[in-house]
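Numbering (the numbering used here), first residue to last: 1 to 160.
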């Protein structure tokens with residue numbers, strides 16, 4: 001019975017604090033208002049989180065599971081594409097396995113699609129696409145421990 005009484009006192013205290021906070025907030029008391037700097041920091045944190053994108057599940061390491069941001073994944077792929085002489089990365093999309101159900105979490109990447117711009121004077125587009133595919137596959141294997149299919153679509157041509 002003592003546990004019930006202690007629990008009730010705790011809940012009454014929470015209600016009292018909540019009620020007092022609401023009254024102070026409605027009265028415009030500055031002690032419960034967010035300062036401009038705190039509000040600005042919160043907005044910037046939200047913007048940064050949105051830029052990074054969802055968390056992407058990665059293969060577990062000996063130290064355990066980890067995730068990577070979508071921005072980090074796309075940056076790795078973009079650098080791999082851009083490392084092929086004359087090629088410009090245009091757009092990358094990643095397909096994912098079903099994730100753990102969290103709103104901002106994706107499952108393991110299952111396929112990468114890269115849209116690129118190739119040099120107009122390229123003598124062999126098929127070989128160029130293979131070079132880009134190899135660069136992306138190598139970067140994913142080396143840095144992420146991932147072996148996944150990579151599709152290349154030459155969407156545009158440009159002059160060097």
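Every residue, glycine too, gets a C-beta built ideally from N, C-alpha and C. If you're wondering where the values come from, they're calculated on a predicted model, not measured in any experiment.
Buried/exposed call for residue 106, threshold 16 Cβ in 10 Å | buried
### Task
State yes or no: is the C-beta of residue 229 within less than 8 Å of the C-beta of residue 86?
The structure shown does not extend to residue 229, since the chain is modelled only from 1 to 160, so the question has no answer here.
**Study point:** Element boundaries [alpha helix (DSSP H), containing residue 61]
**Key:** That residue, residue 61, is in no alpha helix (DSSP H); it is neither H nor E in DSSP.
What first and last residue would you give for the alpha helix (DSSP H) that runs through residue 20?
-> 2 to 26
Item to check | Proximity test, residue 133 beta-carbon vs the ligand NAP heavy atom, cut-off 7 Å | outcome: With respect to small molecules bound, the structure shown includes none, and the ligand NAP cannot be examined in it.
So is residue 80 buried or exposed if we call it buried at 16+ other beta carbons inside 10 Å? buried
(request) State yes or no: is the C-beta of residue 135 within less than 8 Å of the C-beta of residue 128? (result) With contacts defined as CB atoms closer than 8 Å, residue 135 and residue 128 fail to qualify as a contacting pair.
query: Considering only C-alpha positions, which residue in the set 137, 92 and 120 is nearest to residue 153?
result: 92
Item to check | Supposed close pair residue 37, residue 53 - CB separation, criterion 8 Å | outcome: In fact, because the Cβ distance is near 27 Å, the residues do not count as touching under 8 Å.
| message | Taking 8 Å as the threshold (C-beta atoms), are residue 155 and residue 116 in contact? | response | yes
Three-state secondary structure assigned by DSSP to residue 105: strand
Is residue 8 buried or exposed, if buried means 16 or more other CB atoms sit within 10 Å of its CB? exposed
| request: To the nearest angstrom, report how far apart residue 4 and residue 21 are at their CA atoms. | output: 26 Å
(request) Can you give me the start and stop residues for the alpha helix (DSSP H) that residue 82 sits inside? (result) Boundaries of the alpha helix (DSSP H) around residue 82: 70 to 82.
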